[in-house]
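A.B. asks: Residue numbers (numbering that gives the first Met the number 0), protein chains in the order written: chain P, 0 to 118; chain H, 0 to 176. By construction, the Cβ of each residue, glycine as well, lies at the ideal position given by its N, Cα and C atoms. Remember, predicted model here, so these are calculated numbers, not experimental data.
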Amino acid sequence: MHPHQRELVRLFELLLAAALATGNAGPATPQVNAPPKTHTITIENMRFNPEVLTVKRGDHVVWVNKDLFPHTATADAKNFDSGSIATDASWAYVVRKPGAYAFSCTFHPMMKGKLTVEP
Amino acid sequence: MKMMSLACLNVLVFGATVAGAEGSAPTDPQIAAIVVTANQVDINAGKLAQSKSHDKDVKTFAERMVVDHTGVNKSATELVTKLHVTPQTSETSQSLQKGGEDNLAALKKLNGSAFDRAYVDHEVAYHQAVLDAVDNTLIPSAQNAELKALLVKVRPAFVAHLEHAKQLQASLGKSGG
């Protein structure tokens with residue numbers, strides 16, 4: 000996305016959040032206009048690092064494979080599945096739905112992790 | 000039978016190093032050849048299992064061995080090229096090579112569940128023996144820091160493969176086939 004477009008999207012999100020906040024009057028939803036963060040999970044030495052990660056809805060999670068062969072990041076309930084991530088490649092996922100997601104590598108099922116998504 | 004093959008493999012991996020060297024550890028060029036050979040032997044066995052086995056779990060395991068050990072060998076080859084190290088054969092690498100060829104010859108005579116069991120039994124023993132060699136001989140002997148780091152980096156994969164092979168061995172035992 001072009002930087003200007005990104006700014007426009009951000010502006011739109013802020014306006015939308017403001018509209019929602021005034022509409023709801025109550026405690027509103029301050030996290031709606033919090034910019035999404037990017038979290039990195041490194042796959043190395045047959046492990047996800049960190050193995051347990053908590054993020055906010057809308058955040059980006061990037062799995063980076065630093066091992067010498069492919070891995071996957073696959074939710075046990077199949078909510079997400081990276082497919083094969085090659086050596087030195089990465090896979091990004093934007094988490095939309097709050098919940099707790101246990102995930103593993105389908106190639107090496109003993110490799111496990113857990114992603115918790117807060118509202 | 001399992002214990003015997005494990006003992007034989009230990010002799011294959013260790014014996015030559017200990018007997019041939021009489022106290023002297025393998026050099027970096029020799030370690031490079033041992034690593035490449037050890038991976039290639041397992042790739043060859045995995046390819047045979049991919050083509051011969053009819054068991055889904057065995058085929059999945061075999062595919063993983065081929066992919067992972069190919070990845071390790073690619074990195075090992077890139078490293079020795081970068082370090083200008085020419086892998087040098089030794090009694091250990093030759094024993095590994097011979098052991099791999101003997102294993103393939105034995106496996107080719109088997110079919111069905113007998114093949115699956117023999118392949119997986121050998122994978123358990125082989126990964127255990129290679130892991131022992133990595134811990135007791137190769138990592139302590141490696142002089143170049145990057146070569147040592149590569150050995151340390153691949154170790155968890157051997158541990159995971161051993162665990163996977165043991166689980167498969169147990170499930171094949173239960174299935175009674």
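What are the residues that DSSP puts in a beta bridge with L114 of chain P?
C.D. replies: L114 of chain P pairs with P:L52, P:Y100.
A.B. asks: Between G70 of chain H and I84 of chain P, what straight-line distance do the alpha-carbon atoms span, to the nearest angstrom?
C.D. replies: Taking the straight line joining both Cα atoms gives about 13 Å.
A.B. asks: Taking CB distances under 8 Å as the criterion, tell me whether S74 of chain H reaches chain P.
C.D. replies: For S74 of chain H, the answer is yes, since a Cβ of chain P falls inside 8 Å of its Cβ.
A.B. asks: Does R116 of chain H have its Cβ less than 8 Å from a Cβ in chain P?
C.D. replies: Taking Cβ atoms only, chain P never reaches closer than 8 Å to R116 of chain H, which makes this a no.
A.B. asks: Determine, using beta carbons only, whether T86 of chain P comes closer than 8 Å to chain H.
C.D. replies: So, interface residue.
A.B. asks: Near Q168 of chain H, which residues of its chain fall below 6 Å by C-beta distance, leaving aside the five closest residues on each side in sequence?
C.D. replies: Excluding residues within five positions, the ones whose Cβ falls inside 6 Å are V119, V123.
A.B. asks: Identify, in the order they occur along the chain, each residue of the same chain with its Cβ nearer than 6 Å to the Cβ of Q142 of chain H, setting aside the five sequence neighbours on each side.
C.D. replies: Hits under 6 Å: D27.
A.B. asks: Hey, how far is the Cα of S170 of chain H from the Cα of M109 of chain P?
C.D. replies: Using only the alpha carbons, I get a separation of about 16 Å.
A.B. asks: Based on the DSSP output, what are the partners of T37 of chain P in its beta bridges?
C.D. replies: The partner list for T37 of chain P (beta bridge, DSSP) reads P:H59.
A.B. asks: Roughly how many angstroms separate the alpha carbons of D66 of chain P and S103 of chain P, rounded to a whole number?
C.D. replies: Cα-Cα distance, rounded: 15 Å.
A.B. asks: How about H70 of chain P and I40 of chain P: are their beta carbons less than 8 Å apart?
C.D. replies: No; because the gap between Cβ atoms is not below 8 Å, this pair is not in contact.
A.B. asks: List, in order along the chain, the chain H residues whose C-beta lies closer than 7 Å to that of H107 of chain P?
C.D. replies: Chain H residues near H107 of chain P: A159.
A.B. asks: Am I right that H59 of chain P and T73 of chain P are in contact with their C-beta atoms under 8 Å? What's the rounded C-beta distance?
C.D. replies: Incorrect: roughly 18 Å between the Cβ atoms, too far for contact.
A.B. asks: Determine the closest residue to L114 of chain P out of P:V51, P:T86, P:W62, with distance taken between C-alpha atoms.
C.D. replies: Cα-wise, what sits closest to L114 of chain P is P:V51.
A.B. asks: Taking only three categories from DSSP, how would you classify D131 of chain H?
C.D. replies: D131 of chain H falls in the helix class under three-state DSSP.
A.B. asks: May I ask which residues mark the beginning and end of the alpha helix (DSSP H) holding V168 of chain P?
C.D. replies: Nothing can be reported for residue 168 of chain P: it is not among the residues displayed for chain P, which extend from 0 to 118.
A.B. asks: Using the beta-carbon of each residue, which ones in chain H are nearer than 8 Å to P69 of chain P?
C.D. replies: The contacting residues are V66, G70.
A.B. asks: Looking at chain P, is there any beta carbon in it that lies within less than 8 Å of the beta carbon of K58 of chain H?
C.D. replies: Judged by the 8 Å Cβ criterion, K58 of chain H is not in contact with chain P.
A.B. asks: List, in order along the chain, the chain B residues whose C-beta lies closer than 7 Å to that of P155 of chain H?
C.D. replies: This model lacks chain B altogether, as its protein chains are P and H.
A.B. asks: What residue from H:D134, H:L103, H:L95, H:Q166 has the CA that sits closest to T36 of chain H's CA?
C.D. replies: Among H:D134, H:L103, H:L95, H:Q166, the Cα nearest to that of T36 of chain H belongs to H:L95.
A.B. asks: Under 8 Å, do V116 of chain P and V63 of chain P count as touching if we go by C-beta distance?
C.D. replies: Not a contact, by the Cβ cut-off of 8 Å.
A.B. asks: Helix, strand or coil for T85 of chain H per DSSP?
C.D. replies: If DSSP states are grouped into helix, strand and coil, T85 of chain H belongs with coil.
A.B. asks: Thinking just about the alpha-carbon of each residue, which of H:S112, H:S23, H:D101 is nearest to the one in K51 of chain H?
C.D. replies: Measuring from the Cα of K51 of chain H, the nearest candidate turns out to be H:S112.
A.B. asks: Need the endpoints of the alpha helix (DSSP H) that Q93 of chain H sits in, please.
C.D. replies: Start and end: 90–107.
A.B. asks: Apart from the five residues on each side of it in sequence, which residues of its chain come closer than 7 Å, Cβ to Cβ, to N43 of chain H?
C.D. replies: Cβ neighbours of N43 of chain H beyond the five flanking positions: G99, L103.
A.B. asks: Considering just the uninterrupted stretch of the alpha helix (DSSP H) at K51 of chain H, what are its terminal residues?
C.D. replies: Unbroken alpha helix (DSSP H) run through K51 of chain H: 27–51.
A.B. asks: Taking I33 of chain H and S74 of chain H to be in contact with their CB atoms under 8 Å, please state how far apart those CB atoms are, rounded to whole angstroms.
C.D. replies: With a Cβ gap of about 15 Å, I33 of chain H and S74 of chain H do not count as contacting.
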